[in-house]
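Notes follow the structure.
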Amino acid sequence: MASTELATERALYIGITISTVIYGGNLFLYVYSTYMLMTSSKPMQRRLFYACFGGLLFLLLTVSSASNAAFGELMWIERRNNPGGPPAFFAANLAAWYNAFGTAADCASNILTDGLLLYRCYIIWGSSLRVIIIPAIIYLGSISMAVMMVIESAMPMSDLWQGLAAQFGISWVALTVSFNVIVTALITFRLLLFHHRVQFVLTNVQRNVYTGTVAILVESTLPFTVLGIVYLATYIQNAPSAIAVGIVWGTFVVLTPQLIILRVATGIAWSRDTGSKITQTITHFDHSSSSGNINMIKVNP
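With the first letter of the sequence shown counted as 1, position 95 gets the number 845 in the numbering used here; the numbers rise by one all the way through.
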């Protein structure tokens, strides 16, 4: 067996293994966040939206994970004695219906996740449309490339890692990574700005909730963005490791919004009026300081 073929199989195995572990984490997060949503006092319409949104993402992740598991089971167990062995099966079945179905599920979950991130950026920037114009244009471009990639990858004998399907795939990943880089930068800048402004106004607990390290990592989806950059770099080089990184990245597509939904469910996520409340608190604090009567003003999560 050639070293490249062995590296490809190893990458597929590692990717499936790691993604299975993350799948379990996604399951826990979805169940727990849904429980918190259903027992919270938030408006029912909002609770149902996030519960259904998280459930749809988890369903898509299940389809994608099942597709990868089925491909591995067929290649290494059921059809391992076919002429050419696992490498020949891998090359001949990349366009199989279950792989195309899994690819479509990955793309659909990514479209939903990027849509949620765009909305979160809009909310964190005080419902400012002009801030999200450029990310929105890139988002629409990534959707078109994702659709073209899914169609091309379903063609007979198509290869997601080479040829026209790979060109659409690289374009899709490049656009969605660019989108995530811009949105991550916008959200991180906004939260760091608020963190600097509220140092002497909010309590330590409140600062950590809204502008702390965890808040910045979750709200800005920084880990997901970094992993996307790594995936793009390996995909462009057609490296065998791109398979493992791509599978793991596909699970982070769902893990990222589930963490945001959990913050929403527990009442510590940014909402439409969080920024205005903090600004009012800062203004009140400034007035109190100028009058010599300084009181720590609390913003309830």
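Using N, Cα and C, we set each Cβ at its ideal position, and we do this for glycine too.
**Study point:** Whole-Å CB distance - Met825 paired with Pro836, under 8 Å assumed
**Key:** Against the sequence shown, residue 825 aligns to sequence position 75. Against the sequence shown, residue 836 aligns to sequence position 86. Met825 to Pro836, Cβ: 5 Å. Contact.
Practice item. Have a look at Ser921 and Leu862 and give me their C-alpha separation to the nearest angstrom. Key: Counting from one through the sequence shown, the residue named residue 921 turns up at place 171. Counting from one through the sequence shown, the residue named residue 862 turns up at place 112. One C-alpha to the other measures close to 18 Å.
Check your understanding: Just the Cα atoms here: how many angstroms apart are Arg796 and Met907?
Key -> Against the sequence shown, residue 796 aligns to sequence position 46. Against the sequence shown, residue 907 aligns to sequence position 157. Their backbone Cα atoms lie some 44 Å apart in a straight line.
**Study point:** Own chain residues within Cβ distance below 8 Å of Val923, not counting five before or after
**Key:** Stepping through the sequence shown from its first residue, residue 923 is reached at position 173. Taken in chain order, the residues that qualify are Gly978, Tyr981, Leu982 and Tyr985.
Review point. What residue from Asn776, Ala819, Lys792 and Leu942 has the CA that sits closest to Leu1079's CA?
Key: The chain is shown from 751 up to 1051; residue 1079 falls before or after that span and cannot be answered.
Check your understanding: Buried or exposed: which applies to Asn988, given that a residue is buried once 16 or more other Cβ atoms fall within 10 Å of its Cβ?
Key -> As a position in the sequence shown, residue 988 is number 238, starting the count at 1. Exposed, by the Cβ-count rule.
Exercise for review: Rank Ile883, Ala842, Ala838 and Gly852 by C-alpha distance to the C-alpha of Ala820 and give the top, closest one.
Suggested key: The residue given as residue 820 occupies position 70 in the sequence shown. Distance check between Ala820 and each of Ile883, Ala842, Ala838 and Gly852 places Gly852 closest, using alpha-carbon atoms only.
Review point. How long is the line joining the alpha carbons of Tyr763 and Ser991, rounded to whole angstroms?
Key: Position 13 of the sequence shown, counted from the first residue, corresponds to residue 763. Position 241 of the sequence shown, counted from the first residue, corresponds to residue 991. Rounded to whole angstroms, the separation of the alpha carbons of Ser991 and Tyr763 is 11 Å.
Point to revise | Other residues of its chain near Leu844: CB distance less than 8 Å, five sequence neighbours each side excluded | key: Counted from its first residue, the sequence shown places residue 844 at position 94. If we look at Leu844 and ignore the five residues flanking it on each side, its Cβ neighbours are Ser903, Ser908, Asp909, Leu910 and Trp911.
Exercise for review: In the DSSP assignment, find the unbroken alpha helix (DSSP H) run with Gly774 in it and report its ends.
Suggested key: On the sequence shown, residue 774 is found 24 positions in, with the first residue counted as 1. Where Gly774 is concerned, the enclosing alpha helix (DSSP H) starts and stops at Ser753 to Met788.
Review point. So, using beta-carbon positions, are Asp864 and Phe929 closer together than 8 Å?
Key: In the sequence shown, counting from the first residue as 1, residue 864 sits at position 114. In the sequence shown, counting from the first residue as 1, residue 929 sits at position 179. In terms of Cβ geometry, Asp864 and Phe929 form a close pair [threshold 8 Å].
Check your understanding: Which residues mark the beginning and the end of the alpha helix (DSSP H) in which Asp864 is found?
Key -> Taking the sequence shown and counting its residues from 1, the one referred to as residue 864 is at position 114. Bounds of the alpha helix (DSSP H) holding Asp864 are Trp847 to Ile874.
**Study point:** Whole-angstrom distance between Ser892 and Pro793, CA atom to CA atom
**Key:** As a first step, residue 793 is located in the sequence shown; it is residue number 43 there, counting from the start. As a first step, residue 892 is located in the sequence shown; it is residue number 142 there, counting from the start. Using only the alpha carbons, I get a separation of about 33 Å.
**Study point:** N-terminal and C-terminal residue of the alpha helix (DSSP H) that Gly805 is part of
**Key:** Residue 805 sits at position 55 when you count from the first residue of the sequence shown. Its alpha helix (DSSP H) spans residues Met794 to Glu823.
**Study point:** Chain-order list of residues whose beta-carbon lies under 8 Å from that of Pro885 (same chain, five-residue window excluded)
**Key:** In the sequence shown, the residue the question calls residue 885 occupies position 135. The residues are Leu868, Cys871, Phe929, Ile932, Val933 and Leu936.
Practice item. Kindly indicate the opening and closing residues of the alpha helix (DSSP H) around Val980. Key: Counted from its first residue, the sequence shown places residue 980 at position 230. Start and end: Leu972 to Ile986.
Review point. Pick from Thr758, Thr971, Ser877 and Val900: whose alpha carbon is nearest that of Val927?
Key: Residue 927 sits at position 177 when you count from the first residue of the sequence shown. Closest option to Val927, Cα to Cα, is Thr971.
Check your understanding: In chain order, what residues of the same chain have a beta carbon less than 8 Å from the beta carbon of Val881, not counting five sequence neighbours either side?
Key -> Your numbering for residue 881 matches position 131 in the sequence shown. If the five residues before and after Val881 are omitted, its C-beta is found closer than 8 Å to the C-beta atoms of Cys871, Tyr872, Trp875 and Leu936, all from its own chain and listed in chain order.
Check your understanding: How should Glu828 be labelled, buried or exposed, when 16 other C-beta atoms within 10 angstroms of its C-beta is the threshold for buried?
Key -> Position 78 of the sequence shown, counted from the first residue, corresponds to residue 828. Glu828 sits exposed, since fewer than 16 C-beta atoms from the chains shown fall within 10 Å of its C-beta.
Exercise for review: Compute the Euclidean distance between the alpha carbons of Val1049 and Ser791, then round it to the nearest angstrom.
Suggested key: In the sequence shown, residue 1049 corresponds to position 299, counting from 1. In the sequence shown, residue 791 corresponds to position 41, counting from 1. Summary for Val1049: the model assigns pLDDT 40, below 50, so the residue's position carries little reliability, and this model does not support an answer.
Practice item. Reducing DSSP to helix, strand and coil, say where Thr934 ends up. Key: On the sequence shown, position 184 is the one that residue 934 refers to. It is helical.
Check your understanding: According to the neighbour-count rule (16 or more other Cβ atoms, all chains shown, within 10 Å of its Cβ), is Tyr785 buried or exposed?
Key -> Translated into positions along the sequence shown, residue 785 becomes position 35. Counting the other Cβ atoms within 10 Å of the Cβ of Tyr785 gives fewer than 16, which makes it exposed.
Check your understanding: Using a C-beta cutoff of 8 Å, does Gly835 count as contacting chain C?
Key -> Included in the structure is just one protein chain, with no chain C present.
Point to revise | Length of the line joining the Cα atoms of Glu759 and Arg830 | key: By one-based count along the sequence shown, residue 759 stands at place 9. By one-based count along the sequence shown, residue 830 stands at place 80. A direct Cα-to-Cα measurement between Glu759 and Arg830 gives close to 12 Å.
**Study point:** N-terminal and C-terminal residue of the alpha helix (DSSP H) that Trp999 is part of
**Key:** Mapped onto the sequence shown, residue 999 falls at position 249. In the DSSP annotation of this structure, the continuous segment of the alpha helix (DSSP H) that includes Trp999 starts and ends at Ser991 to Ala1015.
Practice item. Can you tell me which of Gln1008, Ala915, Ala850 and Ala838 puts its alpha carbon nearest to the alpha carbon of Gly813? Key: Working through the sequence shown from its first residue, we reach residue 813 at position 63. A quick correction: the sequence has Val, not Gly, at residue 813. From the listed residues Gln1008, Ala915, Ala850 and Ala838, the smallest Cα separation to Val813 is found for Ala850.
Check your understanding: Is it buried or exposed for Cys857, if we count other Cβ within 10 angstroms and need 16 for buried?
Key -> Position 107 of the sequence shown holds residue 857. Cys857 is buried by the Cβ-count criterion.
Exercise for review: Please classify Met788: is it buried, with 16 or more other beta-carbons within 10 angstroms of its beta-carbon, or exposed?
Suggested key: By 1-based counting over the sequence shown, the position of residue 788 is 38. By the C-beta density criterion, Met788 is exposed, having fewer than 16 other C-beta atoms within 10 angstroms.
Check your understanding: Alpha carbon to alpha carbon, what distance is there between Ala841 and Gly913?
Key -> Position 163 of the sequence shown holds residue 913. Position 91 of the sequence shown holds residue 841. Approximately 13 Å, taken between the alpha carbons.
Check your understanding: Alpha carbon to alpha carbon, what distance is there between Ile993 and Ser877?
Key -> Looking up residue 877 in the sequence shown gives position 127. Looking up residue 993 in the sequence shown gives position 243. Roughly 38 Å between the two C-alpha positions.
Check your understanding: Does DSSP classify Pro833 as helix, strand or coil?
Key -> Against the sequence shown, residue 833 aligns to sequence position 83. Pro833 sits in coil when the DSSP states are folded into three classes, being neither helix nor strand.
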